[in-house]
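Engineer:
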Amino acid sequence: MKIHVIGGGPSGLYFALLAKRRFAGARVEVFEQNPQGATYGFGIVLADRGLDRLQRADEASYAAIVKASFFTRHRVIKHPGETIFIDGGGYGGAIARLRLLQILETHCQAAGVRLHHGMRIDDLDDLDAIEDADLVVGADGVNSVLRKRHEAAFGTTSWMLTNRLAWYGTEKHFPYPVMCFRRYRGGHFVGVAYPYSERMSTFVAECDAGTWTRLGLDAMSDDERRGLAEQVFAEELGGCALISNKSLWHSLPVVRSTQWSVGHRVLIGDALHSAHPSIGSGTRIAMEDAIALADALASSPADMRSALATFRLAREPAKAKLVAAAEKSFMWYESFPAKVDALDPIPFVFDFLTRTGRVDAARLYAEYPRFMKRYGANLPDPSRTFACDRAEVRQ
Ligand SMILES: Cc1cc2nc3c(=O)[nH]c(=O)nc-3n(C[C@H](O)[C@H](O)[C@H](O)COP(=O)(O)OP(=O)(O)OC[C@H]3O[C@@H](n4cnc5c(N)ncnc54)[C@H](O)[C@@H]3O)c2cc1C
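For any residue, its number in the numbering used here is found by taking its place in the sequence shown, counting from 1, and adding 1470.
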């Protein structure tokens, strides 16, 4: 069996590893545009429940991922009116994206997967060559070339969110995740920081579309924007700089495809359905796609179409819930300034924690009893809740 994977991100590498483990005799190749040792971003969160699934799928790489992860619990949410320490919840792990990729690459190589770095699949000739395989996996992220080549057949639609964000790192060590909603010179920003090693934290800075133009970020260079973000979050950074790694301010696309496979081609991870950083699960979703695809392949190795149908059947229910959670979350962020201005700190935090619909008051009582005790004493005025639909943001 010949398997070609476009994209050596988390989903592509993990699928290649799992496929090679199941089919030792298969020729599995990954084509990645970046040179080895280079990627975008800093640390990523890998939630507990996601880690369990990685353990069941491949114990060896799981053990290495856990060893390289940094675990924290509790969190702080800063509303302009009050800083709220939320104690409780389970431990969450975070790992440098680069370290995760290195671990997966090491295990891929040991298993016999062929990795081709510095190889961008660009034009039709490249794609013709890549598509000459029993299975072609588009694991090449939100701008997938495989998906774009067969866009109509995949039934792809995409639209842009209006908020802008940049993914920085910092040497400021945050003992637990900190989320800071800040008003600054008439604009609204949100900064999300979490540690992923003893020495480094991720810092994602975001603003809404109104702030972007009102404060002139649209006319700034990315260095100037980084300088502005350092001023906005000076209190949290405590004199530490924001470090850039291709950290361009951008708005995120929302990509959806009605078909998961076209012939012997299949999409996984962000290439299939983009997630959103605010649910801290895009990597987990992408790697779980890889698990489901490898399982489906093992269930019908002699019949690729049937394997790809099984992949969708098995994966779609769980994935749909996560994608729906991501959508509710990014819609919440698209209107965060209005919420910051209208809600008092405790109701605001409750609104934030329940934004995806996957966490309800009962679960919050179980996980964060002290916070919920305060919430119970500060129940919000129902007339101050928010509705925001997709159409509102699309204009
Ligand atoms: C600011 C920010 C913060 C985030 N934080 C988290 C977090 O805390 N936790 C979490 O789980 N997720 C997080 N995510 C989401 C996560 O990064 C993605 O959902 C995840 O990386 C998707 O994995 P993937 O393998 O599908 O795609 P990607 O990680 O995008 O990998 C695609 C790979 O394909 C390669 N590629 C692309 N095009 C080509 C081509 N034409 N030829 C060859 N190679 C190509 C790319 O170089 C890349 O290596 C965050 C995202 C952002 C933007």
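Backbone N, C-alpha and C define an ideal beta-carbon position, used for all residues, glycine too.
The model shown is predicted, which means the values in this text are computed figures rather than measured ones.
Closer than 6 Å by C-beta to Gly1750: which residues in its own chain qualify, once you throw out the five before and the five after it? Chain order, please.
Structural biologist: If we look at Gly1750 and ignore the five residues flanking it on each side, its Cβ neighbours are Val1515.
Engineer: State the start and end residues of the unbroken beta strand (DSSP E) segment that holds Tyr1654.
Structural biologist: Counting along the chain, the beta strand (DSSP E) containing Tyr1654 begins and ends at Val1648 to Tyr1654.
Engineer: Near Leu1718, which residues of its chain fall below 7 Å by C-beta distance, leaving aside the five closest residues on each side in sequence?
Structural biologist: Around Leu1718: Ala1636 and Asp1692.
Engineer: With DSSP collapsed to three states, give me the class of Cys1710.
Structural biologist: DSSP places Cys1710 in coil when its eight states are reduced to three.
Engineer: Take every Cβ of the region 1741–1750, pair it with every Cβ of the region 1489–1500, and state whether three or more of those distances are shorter than 8 Å.
Structural biologist: Touching, no.
Engineer: Exposed or buried, what is Arg1775 when buried is set at 16 or more other beta-carbons lying within 10 Å of its beta-carbon?
Structural biologist: The residue is exposed, with fewer than 16 neighbouring Cβ atoms inside 10 Å.
Engineer: When you measure from the CB of Ala1745 to every non-hydrogen atom of ligand 1, does any distance come out below 7 Å?
Structural biologist: Ala1745: yes, Cβ under 7 Å from ligand 1.
Engineer: Could you name each continuous alpha helix (DSSP H) segment of 4 residues or more that falls completely within the region 1786–1840, going from the start of the chain to the end?
Structural biologist: Complete alpha helix (DSSP H) runs here, min 4: 1806–1812, 1815–1823 and 1831–1837.
Engineer: Measure from the alpha carbon of Ala1534 to the alpha carbon of each residue in Ala1772, Cys1677, Thr1824 and Cys1578, then state which is nearest.
Structural biologist: The residue with the shortest Cα to Cα distance from Ala1534 is Cys1578.
Engineer: Go ahead and pull the three-state DSSP assignment for Pro1480.
Structural biologist: Note: Pro1480 maps to helix in three-state DSSP.
Engineer: Here's the rule I'm using: 16 or more other beta-carbon atoms within 10 Å means buried, otherwise exposed. How should Trp1682 be labelled?
Structural biologist: The residue is buried, with at least 16 neighbouring Cβ atoms inside 10 Å.
Engineer: Which value, in whole angstroms, describes the spacing of the CA atoms of Leu1778 and Leu1605?
Structural biologist: Each residue's alpha carbon lies about 10 Å from the other.
Engineer: Give the single residue among Arg1545, Arg1569 and His1549 whose Cα lies nearest to the Cα of Gln1506.
Structural biologist: Taking only the C-alpha atoms, the option nearest Gln1506 is Arg1569.
Engineer: Does Trp1629 pass the burial test, meaning 16 or more other C-beta atoms within 10 Å, or should it be called exposed?
Structural biologist: Flag for Trp1629 reads exposed.
Engineer: Does the distance from the CB of Lys1472 to the CB of Ala1623 come in under 8 Å?
Structural biologist: Not closer than 8 Å, so no.
Engineer: Do Arg1669 and Glu1641 have their C-beta atoms closer together than 8 Å?
Structural biologist: In contact: Arg1669 and Glu1641 (Cβ atoms closer than 8 Å).
Engineer: Tell me the residue span of the beta strand (DSSP E) that contains Glu1502.
Structural biologist: First-last for Glu1502: undefined, no H or E at that position.
Engineer: If you reduce the DSSP assignment to three classes, tell me which class Arg1526 lands in.
Structural biologist: Arg1526 falls in the helix class under three-state DSSP.
Engineer: Around the C-beta of Gly1563, are 16 or more other C-beta atoms found within 10 angstroms, so that it is buried, or is it exposed?
Structural biologist: Buried: at least 16 other Cβ atoms inside 10 Å.
Engineer: Can you list, in chain order, the residues of its chain with a C-beta nearer than 6 Å to that of Asp1610? Leave out the 5 residues immediately preceding and following it.
Structural biologist: For Asp1610, where only same-chain residues beyond five positions count, the Cβ hits under 6 Å are Ile1476, Gly1477 and Ala1741.
Engineer: Quick one: Cα of Gln1503 to Cα of Tyr1532, how far?
Structural biologist: C-alpha separation (whole angstroms): 25 Å.
Engineer: Taking Cβ to Cβ, would you say Glu1706 is nearer than 8 Å to Val1648?
Structural biologist: In contact: Glu1706 and Val1648 (Cβ atoms closer than 8 Å).
Engineer: Is the beta carbon of Arg1696 less than 8 Å from the beta carbon of Leu1687?
Structural biologist: Taking 8 Å as the Cβ cut-off, Arg1696 and Leu1687 do not qualify as a contacting pair.
Engineer: Here's the rule: buried if 16 or more other CB atoms are within 10 angstroms of the residue's CB, otherwise exposed. What is Ala1689?
Structural biologist: By the 10 Å Cβ count, Ala1689 comes out exposed.
Engineer: Quick one: is the Cβ of Ala1756 within less than 7 Å of any heavy atom of ligand 1?
Structural biologist: The answer is yes for Ala1756.
Engineer: May I ask which residues mark the beginning and end of the alpha helix (DSSP H) holding Met1757?
Structural biologist: It spans Gly1752 to Ser1769 - the alpha helix (DSSP H) in which Met1757 sits, taken as one unbroken run.
Engineer: Would you check if the distance between the CB atom of Ile1755 and the CB atom of Leu1792 is smaller than 8 Å?
Structural biologist: Against a cut-off of 8 Å, the Cβ pair of Leu1792 and Ile1755 comes out as a contact.
Engineer: Here's a check: name, in chain order, each residue in its chain whose Cβ is nearer than 7 Å to the Cβ of Pro1815, leaving out the five neighbours to either side.
Structural biologist: Closer than 7 Å at the Cβ level, and outside the excluded window around Pro1815, lie His1549, Gly1551, Glu1552 and Ile1554.
Engineer: Who are the near neighbours of Arg1543 in its chain, counting only those whose CB is closer than 6 Å to its CB and skipping five residues on each side?
Structural biologist: Around Arg1543: Gly1559 and Tyr1561.
Engineer: Measuring straight from C-alpha to C-alpha, what distance separates Ser1770 and Thr1824?
Structural biologist: If you take the alpha carbons of Ser1770 and Thr1824, they lie about 40 Å apart.
Engineer: Measuring alpha carbon to alpha carbon, tell me which of Ser1805, Phe1501, Asp1595 and Phe1644 ends up nearest His1587.
Structural biologist: If we check each option's Cα against that of His1587, Phe1501 comes out closest.
Engineer: Which class does Tyr1845 belong to by DSSP, given the choice of helix, strand or coil?
Structural biologist: Helix, per DSSP.
Engineer: For the putative contact between Arg1567 and Gly1511, defined by C-beta atoms under 8 Å, what is the C-beta separation to the nearest angstrom?
Structural biologist: At roughly 5 Å, the Cβ-Cβ gap stays under 8 Å, so Arg1567 and Gly1511 are in contact.
Engineer: Return the Cβ separation of Leu1585 and Glu1575 in integer angstroms, given the expectation that the two are a contact with Cβ distance under 8 Å.
Structural biologist: Yes, they are in contact, since the Cβ atoms of Leu1585 and Glu1575 sit about 6 Å apart, within 8 Å.
Engineer: Where in the region 1542–1596 do unbroken runs of the alpha helix (DSSP H), each at least 4 residues long, occur, reported from the N-terminal end onward?
Structural biologist: Runs found: 1567–1581.
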